[in-house]
Amino acid sequence: PSEDYENLRRRIYSNTKELWYYISHELGKAIRDENKIEKLQAVLDQVADRKRSLLSDQEKLPELDGYHEWRQMEAANVSDLIQRRLRHLQNPPDCREARKLICNLNKGCGFGCQLHHIVYCLIFAYATERTLILNSKGWRYNTKGWDYVFYPLSDSCTSAYGDKVLQWPVTYDAKVVSLPFIDSISQKPKFLPLAIPKDLAHRIVRFNGDPASWWVGQMLKYILKPRPSMQKSINETMAKMNFKTPIVGVHIRRTDKVGTEAAFHHIHEYMAHVKDYYDQLELTRTVDVRRVYLATDDPNVLVDARSKYPSYQFLGDESVAKTAATHRRYTPLSLAGLLLDLHMLAMCDYIVCTFSSQVGRVAYEMMQTNRVDASNSFFSLDDIYYFGGQNAHDRIAVLPHSPDHNQDISLEVGDLIGIAGNHWNGYGRGTNKRSNMNGLIPWYKTADHLVLYPFPEYKQVPL
Ligand code: GDP
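Per my numbering, the sequence shown starts with residue 25, numbered consecutively.
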């Protein structure tokens, strides 16, 4: 199918949801204001059912348009190409002579944040054609280092041999360069997320609706290769869990995050989306058990969920959640629990989470590598997808808009809008880069603006 067809199909899907966000928000308000509660509630239920039917039908489109298998093959091929390019980059013929990039894993943050740090380093390496050397001595999740839990990023080149190391940014083409944390870079290179490689972009958009996260997922696929002992422990716990589809993954991030970096979200908020997922699924098939895989860093959440939602079956382990709680977090045991949770979340049919958490975003990125297109398989209660430290994320106006209430801003077709977020009520917030006005924008009048960067094309690696 053409790029235009794919983009249009996704636009219809996304804007059907936008319509729903708008109606449910407005009617929800009216219900609280007025006496016509029953009438309005019936309208709301009707519209909800119609929305589910519309989305359900549209989800069948890519299965029926004759390109289903082609997309699967293309996704596998492009993924394979990227993995081979990374292997090529990471295993230079002469390690001693190779240009290198040093990445220090000593970032004082959680595992999701550290993974994203390595992703940033690997994208940097890929963009500058340098072999990435990961320094992980004294790593907070396992003092013995990264290579004790995961396979190293290279089979043949893991040290800079005591060559002189210069801190990036460098003024000349130094042999070994060390990277700062992404947060402390002042002049951000254009190849950082959410940019994707220009030479692959037109292939990726033909099978995936969110190429930026798919690209990040490809980096994770290369980085995250558990050693057999870790893989075995994941597999064993999984076998004990009775993991079966259909299943919805829920990630509830509490403890130290709440009130500092994210707002508190009640279990009801997550479960409303789980219910909606299953209500839609039941339009086309019978669901014997409504399963939920619940990952959290707060063991009370599991107890609470089970008592409040007895008709759902919750998979998840309180002991894993206990080791994830702030005071027991930075240990090999807690890492094993988190890997299990990430792996399971990524295998679910759908995830409900908060993208303010790097755990939620990593789970989605991993999900993107598990299937052809996971871009419609999640709901984030707060942020839209982002990569910490990313370059500006813009949307482009595809329909004109004249303000019709006092908080929205005007749009001309082609305007770029720097995006702050989607409010999931039909509107998002952003700054129009043409007019410099900041305000609400009707989401459906905009489309995602993909940034293509001319990364090296690794011609030595066969297509
Ligand atoms: P963020 O703080 O949520 O953005 O994500 P980080 O990964 O940077 O730090 C949170 C840390 O808390 C994780 O790395 C885990 O150690 C722990 N954690 C958070 N949520 C979960 C969860 O659902 N399961 C497990 N096992 N650990 C979690």
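Beta carbons are placed, not taken as given, at the ideal position from N, Cα and C, and that holds for glycine.
All of these numbers come straight from a predicted model, not from anything done at the bench.
beta-carbon residue i near ligand 1 non-hydrogen atom, thresh 8 Å
i           : result
residue 75  : no
residue 103 : no
residue 133 : yes
residue 345 : yes
residue 382 : yes
residue 199 : no
residue 365 : yes
residue 160 : no
residue 393 : no
residue 408 : no
residue 276 : yes
residue 372 : no
residue 348 : yes
residue 320 : yes
residue 362 : yes
residue 95  : no
residue 493 : Within the shown structure, residues of the chain are numbered from 25 to 487, placing residue 493 beyond reach of any answer.
residue 137 : yes
DSSP state of residue i mapped onto helix, strand, coil
i           : result
residue 128 : strand
residue 377 : strand
residue 320 : strand
residue 468 : helix
residue 207 : helix
residue 71  : helix
residue 312 : coil
residue 445 : strand
residue 462 : strand
residue 198 : coil
residue 213 : coil
residue 410 : coil
residue 135 : helix
residue 52  : helix
residue 416 : coil
residue 39  : helix
residue 432 : strand
residue 148 : helix
residue 140 : helix
Residue i versus the options, residue with shortest Cα-Cα distance
i           : options            : result
residue 98  : 65, 228, 363       : 228
residue 394 : 184, 374, 381      : 374
residue 311 : 476, 299, 367      : 299
residue 367 : 208, 284, 254      : 254
residue 493 : 121, 358, 240      : It is not possible to answer for residue 493, since the shown part of the chain is limited to 25 through 487.
residue 309 : 392, 291, 77       : 77
residue 183 : 445, 329, 121, 140 : 121
residue 433 : 419, 454, 392, 416 : 454
residue 436 : 423, 430, 165      : 423
residue 84  : 33, 107, 226, 352  : 33
residue 25  : 486, 231, 442, 345 : 231
residue 333 : 195, 133, 295, 410 : 295
residue 192 : 225, 178, 149      : 149
residue 420 : 462, 397, 167, 470 : 470
residue 280 : 447, 133, 473      : 133
residue 107 : 307, 245, 165      : 245
Beta-carbon contacts of residue i that lie in its chain and below 7 Å, excluding the five residues immediately before and after
i           : result
residue 49  : 449, 450
residue 42  : 450, 467, 468
residue 360 : 254, 257
residue 170 : 129, 158, 160, 163
residue 399 : 232, 233, 234
residue 156 : 114, 125, 127, 145, 146, 149, 177
Close beta carbons around residue i, own chain, < 6 Å, minus the five adjacent residues each side
i           : result
residue 276 : 320, 325
residue 71  : 47
residue 75  : 44
residue 314 : 302, 336
8 Å Cβ shell around residue i - same chain, five flanking residues per side excluded
i           : result
residue 199 : 123, 124, 187, 188
residue 289 : 276, 378, 405, 406
residue 105 : 224, 485, 487
Practice task
Could you tell me whether the stretch 144 to 156 touches the stretch 208 to 218, using the rule of 3 or more Cβ pairs below 8 Å?
Solution key: Segments in contact, yes.
Exercise for the section: Could you say if the stretch 120 to 133 and the stretch 197 to 215 meet the contact criterion of at least three C-beta pairs nearer than 8 Å? Expected result: Contact holds between the stretch 120 to 133 and the stretch 197 to 215, because three or more Cβ pairs, one in each stretch, are under 8 Å apart.
Practice task
Determine, using beta-carbon pairs with one atom in the stretch 57 to 74 and one in the stretch 285 to 292, whether at least three such pairs fall under 8 Å.
Solution key: A contact between stretches requires three or more CB pairs, one per stretch, nearer than 8 Å, and the stretch 57 to 74 fails this requirement with the stretch 285 to 292.
Exercise for the section: Determine contact between the stretch 93 to 109 and the stretch 156 to 175, defined as no fewer than three beta-carbon pairs at a distance below 8 Å. Expected result: Contact between the stretch 93 to 109 and the stretch 156 to 175 is not established, with fewer than three Cβ pairs separated by less than 8 Å.
Exercise for the section: Check whether the stretch 87 to 97 touches the stretch 111 to 118, counting contact only when three or more Cβ pairs, one atom from each stretch, lie closer than 8 Å. Expected result: Look at the beta carbons and you see the stretch 87 to 97 not touching the stretch 111 to 118: under three pairs across the two are nearer than 8 Å.
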